[in-house]
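Position 52 (the sequence shown) corresponds to 61 in our numbering; numbering is contiguous. What follows is a single structure, written as structure tokens, with notes after it.
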Amino acid sequence: SADMALFYDWLGEKKTRGIGLAVMDMWKPFHTVTGARAPQAAILFDKFHIMRHLG
Numbered sequence: 010s011a012d013m014a015l016f017y018d019w020l021g022e023k024k025t026r027g028i029g030l031a032v033m034d035m036w037k038p039f040h041t042v043t044g045a046r047a048p049q050a051a052i053l054f055d056k057f058h059i060m061r062h063l064g
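Here you go:
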């Protein structure tokens, strides 16, 4: 999660506010940090991880 927070720090507040869609795997820290730093962004889990999760 620290790396994800660093990414949002690097991106900056203005660009972070402009994120409308965040595509990621299902790792909870990615989802948590994105929800905290870019709450307006819709989360889309990638197809590979969805298929693996469903078996």
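We put the CB at the ideal spot given by N, CA and C, even for glycine.
Asked	Found
Decide if V32 is buried, meaning its Cβ has at least 16 other Cβ atoms within 10 Å, or exposed.	exposed
Taking just the CA atoms, how far does F39 sit from L15?	12 angstroms
For a quick check, are the C-beta atoms of I52 and T41 less than 8 angstroms apart?	no
Mapping the DSSP letters down to three states, classify A51 as helix, strand or coil.	strand
Near K37, which residues of its chain fall below 7 angstroms by C-beta distance, leaving aside the five closest residues on each side in sequence?	none
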